[in-house]
Structure formats: structure tokens, C-alpha cells
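Numbering that gives the first Met the number 0 numbers the first residue of the sequence shown as 0 and each following residue consecutively. First the structure, in the form of C-alpha cells, and then the observations on it.
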Amino acid sequence: MPGQPRETIEPDRQRAYWDALAPVYAAITRIREDDFHFGPQIPGDRELRILPDLPPGATALELGCGGGQNSVFLAASRGLRCTALDVSEAQLSRARARAAAAGAAVEFLRSPIEGFEAAVGPDRRFDLVHSSHALEFVEDPAAAVRAMARAAAPGGWVMVSTVHPLFNGQWIEGEFEDEDGRDAGDAGAGLFLPNYFSPPDDVRDDAFGHAVSRAWPVSAWFGWFRDAGLSVERLAEPAATADAPYTSDDWADHGGQLDRIPSTIVLLGRKPAGA
Ligand SMILES: C[S@@+](CC[C@H](N)C(=O)[O-])C[C@H]1O[C@@H](n2cnc3c(N)ncnc32)[C@H](O)[C@@H]1O
0 MPGQPRETIE PDRQRAYWDA LAPVYAAITR IREDDFHFGP QIPGDRELRI LPDLPPGATA
60 LELGCGGGQN SVFLAASRGL RCTALDVSEA QLSRARARAA AAGAAVEFLR SPIEGFEAAV
120 GPDRRFDLVH SSHALEFVED PAAAVRAMAR AAAPGGWVMV STVHPLFNGQ WIEGEFEDED
180 GRDAGDAGAG LFLPNYFSPP DDVRDDAFGH AVSRAWPVSA WFGWFRDAGL SVERLAEPAA
240 TADAPYTSDD WADHGGQLDR IPSTIVLLGR KPAGA
């Protein structure tokens with residue numbers, strides 16, 4: 000894919016970063032457990048209706064579960080038998096506490112997404128394999144989608160939400176003028192994206208360490224699902240809403256931008272019943 004050479008994303012550096020960030024992330028992020036969330040500032044499943052309709056007792060595997068809200072929701076509100084993994088023990092300890100408080104029986108595993116089958120058990124199959132805003136932190140998301148497809152039962156579902164490629168552009172305000180040379184105001188604010196096919200990494204070098212969030216073109220995600228043998232049943236680019244199940248003060252500050260460009264892409268794929 001054309002574009003600047005990019006660093007290799009290392010799971011160990013992500014782990015160290017999320018272990019350090021976990022307490023702060025939990026303090027500043029508000030994620031509700033009464034809805035399934037797909038990402039910051041966007042509607043949950045109550046409005047989007049992307050989550051497949053699975054009967055109580057069906058099985059689900061979540062990759063990069065963070066504080067575990069989605070698996071707790073699926074276990075407590077839908078009666079699914081949930082397994083959830085994350086590379087960060089600090090994130091998992093919060094998830095375990097949340098599940099215990101909700102009386103939700105979730106099996107938690109510490110593992111990177113890369114090679115997760117070894118931790119989960121290579122022969123286990125799930126009715127739903129899902130991941131929300133974690134695959135932007137792996138070096139090879141195509142391989143992750145293939146592994147998710149393998150872990151799905153025949154007729155089962157693979158659902159991914161991740162950063163939208165437009166979101167890794169740079170929001171520019173007050174730079175544009177109308178035809179008469181006047182400041183174009185809000186209408187003049189917009190996005191600068193130097194390369195859609197290889198969007199710039201969102202590199203975080205801060206008090207918590209070093210982490211990279213990488214975005215990919217929408218067509219790349221579509222192709223990876225298809226190449227993994229999945230039919231793409233839904234593809235969504237939701238706009239922001241005032242009533243998001245996942246928010247923080249920082250995310251809310253993006254406000255107007257996220258009415259105009261999507262921050263998240265959501266894909267739902269299905270494995271053929273005979274596969
Ligand atoms: C933005 S949080 C999202 C958490 C959760 N999915 C949610 O939506 O609330 C990203 C999570 O991915 C985890 N993560 C990052 N890289 C990972 C990797 N290579 N393998 C497993 N988990 C990873 C982090 O520890 C963190 O908990």
C-alpha cells in the first residue's frame with residue numbers, strides 16, 4: 000500500500016501503555032453497560048441494530064475487551080456465554096470487577112490479539128467473535144480478521160468496530176476563506192488527510208508510554224472480511240449522537256467534527272453455515 004513507511008506495532012508496547020493508562024482511562028471514560036457500544040460518541044446497538052440476534056446460551060468471544068462493558072452487557076442482558084481477552088492485566092482487572100459487580104459470568108483471558116487462539120483454545124468455536132476499537136492497535140489486522148473467522152462457528156458472526164480512516168486526518172479550522180476572501184467560519188473548517196490509502200498513524204507518546212493507533216481504508220476492511228471467507232452483512236459509518244453509551248469530556252469536545260466525519264467504521268460479517 001503506498002504511503003510513508005510506518006513503524007511495526009508491538010503488542011508488548013501496547014500492553015505496557017494500556018497497563019499504565021488503565022486507571023486514568025477508567026476515570027475519564029464513561030461507558031454504559033445497558034447497551035452495546037461500537038465506539039466513542041456514536042449510538043449504541045439499541046439504535047444501530049447491528050448486533051446479530053443470538054439466543055441465550057450462544058457463545059461470544061471479545062478481542063481487546065478493555066473494561067469489559069460489551070461482554071458484561073452480552074452476558075447480563077442477552078444471556079450469552081462470554082469469553083473476553085485483552086493484552087493488559089490492568090484493563091482485565093477492571094473488567095473482572097465489573098463482571099462480578101454485575102453478576103455476569105464472563106471468562107477473562109490475558110492474551111494479545113496476535114495469536115489469541117493459543118490462549119482461547121485452537122478448536123473452540125463461537126457464535127459471535129467481536130472487537131470494538133482494539134484492532135487499530137495491531138500490526139496485521141487482516142491476519143486478525145482471518146483468525147476471528149476461524150474462531151467463528153459455521154453460520155456464526157464476526158463483528159468489528161475500529162477507527163475510521165478519515166478520523167486519522169487533521170481537523171483544520173479557520174484556515175479557509177470564501178470566494179470573496181472572507182473567513183468561511185464553520186463552513187470553512189474541514190479535514191486534511193494527506194493519504195487516504197495509508198492514513199497517518201495516530202502516535203501517542205505521553206506519560207503512559209508509546210502506542211500507535213492505525214487506520215485503514217474502508218475497502219481494505221471489506222476485502223479482509225471477504226478474503227477470510229465472510230459475507231459482509233453490514234457496514235456502517237455512524238455519525239455522532241448526544242446519547243452515546245461511550246463518551247468522555249475529551250471525546251465530547253470533538254462534537255461538531257464527528258457530525259461531519261465518521262470516527263468509527265463498523266463491519267458485520269457472517270461465516271457460511273457449511274464452512
Ligand atoms: C480503546 S480500548 C477499547 C476497549 C474496549 N474494546 C471498549 O470498546 O471499551 C483498546 C483496548 O485494546 C487493548 N489492546 C491493545 N492492543 C492489544 C493487543 N495487541 N491485543 C489485545 N488487546 C489489545 C488495550 O489493552 C485496550 O484495553
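Just so you know, even glycine gets a beta-carbon here, dropped at the ideal spot from N, CA and C. Source: prediction; values computed, not measured.
Spatial distance of residue i from residue j (CA atoms)
| i | j | result |
| --- | --- | --- |
| ALA142 | ALA152 | 18 Å |
| LEU287 | TRP220 | Summary: the structure shown does not reach residue 287, with the chain confined to residues 0 through 274, and so no result is reported for it. |
| HIS132 | LEU229 | 20 Å |
| GLY63 | ALA188 | 34 Å |
| ALA57 | VAL105 | 13 Å |
| SER70 | TYR245 | 14 Å |
| GLY154 | ALA148 | 11 Å |
| LEU50 | MET158 | 8 Å |
| ARG259 | ALA89 | 35 Å |
| ALA59 | GLU178 | 54 Å |
| ILE27 | ALA206 | 16 Å |
| GLU116 | LEU79 | 20 Å |
| HIS209 | PHE72 | 30 Å |
| SER130 | ILE171 | 30 Å |
| TRP17 | GLN68 | 16 Å |
| ARG45 | ARG77 | 13 Å |
| ASP52 | ILE8 | 35 Å |
| GLU6 | GLU138 | 9 Å |
| GLU300 | GLN169 | No answer is possible for residue 300: the residues shown for the chain start at 0 and end at 274. |
| HIS253 | LEU190 | 13 Å |
| PHE125 | ALA150 | 6 Å |
| PHE136 | ARG12 | 10 Å |
| GLU232 | ARG225 | 11 Å |
| THR82 | GLY180 | 58 Å |
| ARG123 | TRP156 | 14 Å |
| LEU266 | VAL211 | 22 Å |
| ARG48 | LEU127 | 15 Å |
| ALA272 | PRO55 | 20 Å |
| ASP249 | LEU20 | 15 Å |
Residues of its chain near residue i, where Cβ-Cβ distance is below 6 Å and the 5 sequence neighbours each way are ignored
| i | result |
| --- | --- |
| LEU305 | Since the first residue shown for the chain is 0 and the last is 274, residue 305 is missing from the structure and cannot be characterised. |
| ALA93 | Strictly speaking, residue 93 in this sequence is Arg, with Ala absent from that position. If we look at ARG93 and ignore the five residues flanking it on each side, its Cβ neighbours are ALA25, GLY66. |
| ARG145 | ALA227 |
| GLN256 | TRP170 |
| ARG213 | GLU135, ASP200 |
| GLY268 | VAL157, PHE224, LEU229, VAL231 |
| ARG95 | PHE107 |
| PRO261 | HIS163, GLU236 |
Same chain only: Cβ atoms within 8 Å of residue i, ignoring 5 sequence neighbours per side
| i | result |
| --- | --- |
| THR263 | PHE37, GLY38, PRO39, ILE41, HIS132, SER160, THR161, VAL162, HIS163, PHE166, GLU236, PRO237 |
| GLY43 | ARG31, ASP34, PHE35, HIS36, PHE37, ALA243, PRO244, TYR245 |
| ALA296 | Since the first residue of the chain shown is 0 and the last is 274, residue 296 is not available in this structure. |
| ALA274 | PRO153, GLY228 |
| SER247 | ILE27, THR28, ARG29, PRO39 |
| VAL217 | HIS163, PRO164, LEU234, GLU236, ILE264 |
| PRO22 | ALA89 |
| ALA276 | Residue 276 lies beyond the residue range present for the chain, which begins at 0 and ends at 274; the question has no answer from this structure. |
Neighbourhood of residue i by C-beta, 7 Å cutoff - its chain only, sequence neighbours within 5 removed
| i | result |
| --- | --- |
| MET0 | The predicted position of MET0 is uncertain, since its pLDDT is 49 and thus under 50; no value can be drawn from it. |
| PRO140 | LEU134, TRP215, TRP223 |
| PRO10 | VAL86, PRO111, GLU113 |
| ARG14 | VAL86, SER87 |
| LEU91 | ASP85, PHE107, ARG109 |
Practice problem: Enumerate, from N- to C-terminal direction, the unbroken alpha helix (DSSP H) stretches of 4 or more residues contained entirely within the stretch 58-113. | Solution: 68-77, 88-101
Quiz item: Does the pairing of the stretch 194-212 with the stretch 234-247 give three or more beta-carbon distances under 8 Å?
Solution: no
Quiz item: Does the count of Cβ pairs from the stretch 90-105 and the stretch 153-165 closer than 8 Å reach three?
Solution: no
Practice problem: Please go through the stretch 165-241 and give each complete alpha helix (DSSP H) segment of 4 or more residues, from N-terminal end onward. | Solution: 217-226
Quiz prompt | Complete alpha helix (DSSP H) runs within the stretch 16-66 (minimum length 4 residues, chain order) | solution = 44-47
Practice problem: Would you mind listing the beta strand (DSSP E) stretches within the stretch 121-169 that are 3+ residues and don't spill past its ends, in chain order? | Solution: 125-131, 151-162
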